[in-house]
Each structure stands twice: as C-alpha cells, then as structure tokens.
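Heads up, the numbering used here is the position in the sequence shown plus 419, with the first residue counted as 1. Glycine is no exception: its CB is placed at the ideal position from the N, C-alpha and C atoms.
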Amino acid sequence: MDTRTIMIFPEFQNMDVIHFYRDQYDPLSALVKPHITLVFPFQNDISNEKLYKHINDSLMNIKPFEIILRGVSKQPDEFGNYLLLNIIEGKEHILEIHEKLYSNLLKEYNNGHPYYPHLTLGNWDSIEKLERAYFDASKCKETFRAMIDTISVEMIGAMGESIIISEHKLRE
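(1) Using 8 Å as the threshold, is the stretch 570 to 582 in touch with the stretch 421 to 428, meaning 3 or more CB pairs across them?
(2) Considering only the alpha carbon of each residue, which of 500, 549, 494 and 489 lies closest to residue 510?
(3) Near residue 471, what residues of its chain come up, given a Cβ to Cβ distance below 6 Å and the 5 sequence neighbours on each side ignored?
(4) Alpha carbon to alpha carbon, how far is residue 468 from residue 475?
(5) Should residue 512 go down as buried or exposed, given a rule of 16 or more other Cβ atoms within 10 Å for buried?
(6) Taking all protein chains shown into account, decide if residue 533 is buried (16 or more other Cβ within 10 angstroms of its Cβ) or exposed.
(7) In three-state terms, what does DSSP make of residue 500?
(8) Go to residue 549, then tell me how far its alpha helix (DSSP H) extends in each direction, as first and last residue.
(9) Going by C-alpha to C-alpha distance, which of 457, 465 and 502 sits closest to residue 437?
(10) By Cβ distance, which residues of its chain are closer than 6 Å to residue 473, with the 5 residues on each side in sequence left out?
(11) Would you mind giving the Cβ-Cβ distance between residue 491 and residue 557, rounded to the nearest angstrom? I have them listed as a contact below 8 Å.
(12) Can you have a look at residue 539 and say buried or exposed, based on whether 16 or more other CB atoms are within 10 angstroms of its CB?
(13) Does DSSP put residue 505 in a helix, in a strand, or in coil?
(14) Tell me whether residue 469 sits in a helix, a strand or coil according to DSSP, three-state version.
(15) Which class does residue 585 belong to by DSSP, given the choice of helix, strand or coil?
(16) For the alpha helix (DSSP H) containing residue 520, list its first residue and its last residue.
(17) Find the nearest neighbour of residue 555 within the set 431, 446 and 439, judged by alpha-carbon distance.
(18) In three-state DSSP terms, what is residue 590?
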C-alpha cells in the first residue's frame, strides 16, 4: 500500500533563501522540494484514478491565488520541533482547499488536529536545537510571493523521496 500526500509546491523568485535554511535544518530537504502540505501522509487502497477525481471535484471552484510568506514561528508538538515559514496572505484559500480535500473520500484521514498552513523550514529532536534555529532564522526579513495554480499528489518512495503522481491545475 502506497503512502501519498497532497501538497502545494510554490515557486518563489528567492527560493535560494528557503533552500539555504532547509538545507541546514530540514532532514527532508534532499527528498522533497519546499512545500505546503494540504493532506498529510495517508495509506489506503484508493486508486490513483479515484483520488484524481476526488481532487478535481473538490477543486472545481477554486481559482489560482497568490500567497505571501514572511517571518518564522516555532511549533513544538508530539510530531517534532518545527521551524515554520509563516503564510501571511492566501491562508484562507489554503484552509478552504484543505477542508475540501479532507471531505468525502479522505474524510477518515483527518486526524482532527488544528491545521495551520505553513512551509516547514526545519525539524529537530530537541527544543534547544529549535530555539537556536529560530534565533538564526528570525533574522531573515525576506518576503516570498508566489501564484498558486497547481495542487500535487505525491507518493512517498521507499527511501522517503517525493514522487509526483498527479498534478491538478486550478482554473480561472
């Protein structure tokens, strides 16, 4: 049974800044491009065709939109100690997509945790490491802008690598 996830892969003009931090802080940086997770990793027997239809139906009335990211925050929880790049504009669109995707076919995979749209810069095994990275990354005053017009389905490979299995274009 494959593990899949649904994400946005934003393309910023200043991607090098995000790569700079992720290369230092995110153990997944070599395996998956910078992303915003919409549906967290799940395993099931749903065919890719059925999943594709669910996503297209869910996104039917969603138009392309702009996101703006700036500033960092910390999120220590039971899954890790995360350093996040904050989404300051476009968050409401991402929340809407997240909710639509977790309806019907994928409803049972929603774990009920509050969803906070973000782009992960790093993850550590200790709060101390998170605090040091937060202090460092807080100095970054860059603004990141991107138009979002594609939602991607990823299969997580045997080595943790990202394999894109479908892309869904948002329509005007």
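According to the structure shown:
(1) The stretch 570 to 582 makes contact with the stretch 421 to 428; the number of CB pairs closer than 8 Å reaches 3 or more.
(2) Put simply, of 500, 549, 494 and 489 the residue whose alpha carbon is nearest the alpha carbon of residue 510 is 489.
(3) Excluding sequence neighbours, residue 471 sits near 585.
(4) Going from the Cα of residue 468 to the Cα of residue 475 covers about 11 Å.
(5) Counting other Cβ atoms within 10 Å of its Cβ, residue 512 reaches 16 or more and is therefore classed as buried.
(6) By the neighbour-count rule (16 or more Cβ atoms within 10 Å), residue 533 is not buried but exposed.
(7) Correct three-state label for residue 500: strand.
(8) Taken as a continuous stretch (DSSP letters only), the alpha helix (DSSP H) holding residue 549 covers 546 to 556.
(9) Nearest option by C-alpha distance: 502.
(10) Counting only Cβ-Cβ distances below 6 Å, and skipping sequence neighbours, we find 524.
(11) Between residue 557 and residue 491 the Cβ distance is about 6 Å, and since that is below 8 Å, they are a contact.
(12) Taking a 10 Å sphere around the C-beta of residue 539, we find 16 or more other C-beta atoms and assign the residue as buried.
(13) It is a strand residue.
(14) Helix.
(15) Reduced to three states, the DSSP call for residue 585 is strand.
(16) The continuous alpha helix (DSSP H) containing residue 520 extends over residues 510 to 520.
(17) Of the candidates 431, 446 and 439, the one whose C-alpha sits nearest the C-alpha of residue 555 is 439.
(18) Per DSSP, reduced to three states, the secondary structure at residue 590 is coil, with no helix or strand assignment.
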